[in-house]
Structure formats: structure tokens, C-alpha cells
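Here's the structure, in C-alpha cells; my notes come after.
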Amino acid sequence: MAESTETAILAGGCAWIMQPLLSQPAGVLSTRIGWMGGEGDNPTEEVPHGHAEVVKVVFDPEQLSYRGLLEVYFQVHRADLAEDVVGSIYRSEIFYTSEEQRSVAEGTIRDVDASGHWLGKTVTRISPEGVFWEKGPEEQDYLQRYPNVFRPPFPRQDDTSEDVSSST
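Mapping the sequence shown onto my numbering, position 131 (from 1) lands on 141, and the numbers just tick up by one.
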């Protein structure tokens, strides 16, 4: 691990999809999926207690800035869809771990809204970090272990065209 690391906690839809996408940028050291932002203990899919599915990202700030990670985050989920459309557990929310992260998140949202990237304004909440309830080992890196379960929506690729990205 790097000498100095930083942690970001991001909710933006299905954690199975978000985890591999948020793992991609250079500087990301690890990701874990879990729950945060609710009131009860030991959340589950059946009884989430108001928690959202989250990805906890540990990264090297010398290789990837928090702002850079947030820019990826806003490219890989629909930040303009209201909770009543996507469901509370799949809401868009940034859980900050410091006042500096809160400030960067607020500025990034202002810039995303000004960019016109989404049809409407982002509905992303900004909240202080809470208790991280890690999901079990069977949930971690799910799409890596079961790549044919479903195709993540991002990055979009047309099955009929030649893939020009590097194959891994």
C-alpha cells in the first residue's frame, strides 16, 4: 500500500456494478462493497434500514485526486435519477470523510450540473461518513467472479463493432 491513502465512500446504484467501475482508475488500491447512510444495524437487501449500497474506495491521492475519483463516479452512474425512481438503496450519495472531501464534493456537483452532462440537476446527497457495514465475501468482486451474470451498462460498447480498447 502507498504511504498515504485516502478513503472515499460512494453510493450510485448497484454495488456489484459500481465496484468494478470504481476499481479501474490508476491509483485505486482497493474496493469493498457494503452499506451506509441508514439508521439500523446489520442491513440486508430485505431489510436495508434506510442504508444505501456503497463502494468503499481506498486510493493513493498522489496518483488519483479525490476530485478525479468523483469525476469517474459521475460518469458511471445516473446522478440525476430521483430516489423514488431507482430505490433508496440505489440512491446517489457521497459520504465524506473530511471537510475537505465535503468541499470538493460540493464543487464537483456544481461543475457537473453546470456541464449539462445530465438532463436534469444531480440529486446526489452529500453526507458525513457513518458506520460501514461490509457485505459478505460472496458479494465482493461479484462481477469479476461471475462475469456473465449481466453486462454493466458502462462503459458502453456496441456488440457488433470491433472493440478498440485493450483486452484484459
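Glycine residues also receive a C-beta, built at the ideal position from the N, C-alpha and C atoms.
All figures in this text were calculated on a predicted structure; none of them were measured in a lab.
**Request:** Find out if the Cβ-Cβ distance for the pair G44, F160 is shorter than 7 angstroms.
**Result:** no
**Prompt:** What alpha helix (DSSP H) runs, 4 residues minimum, are completely inside the segment 105 to 149?
**Reply:** 109 to 125
**Message:** Mapping the DSSP letters down to three states, classify V183 as helix, strand or coil.
**Reply:** With the chain running from 11 to 178 in the structure shown, residue 183 is simply not present.
**Message:** Determine whether the beta carbon atoms of T118 and A89 lie at a separation below 7 angstroms.
**Reply:** no
**Request:** Under 8 angstroms Cβ to Cβ from G130, same chain only, skipping five residues before and after it: list those, please.
**Result:** D90
**Prompt:** Along the chain, where does the alpha helix (DSSP H) that runs through G78 open and close?
**Reply:** 76 to 85
**Asked** What is the residue span of the alpha helix (DSSP H) that S33 lies within?
**Response** 25 to 33
**DSSP state of R155 mapped onto helix, strand, coil** = If DSSP states are grouped into helix, strand and coil, R155 belongs with the helices.
**Item:** Environment of H127 [buried if 16+ CB atoms lie within 10 Å]
**Value:** Label assigned to H127: exposed.
**Request:** For G44, write down the residues that DSSP places opposite it in a beta bridge.
**Result:** V64, E144
**Message:** DSSP has A8 in a bridge; who is on the other side?
**Reply:** Outside the shown range of the chain (11 to 178) lies residue 8, about which nothing can therefore be said.
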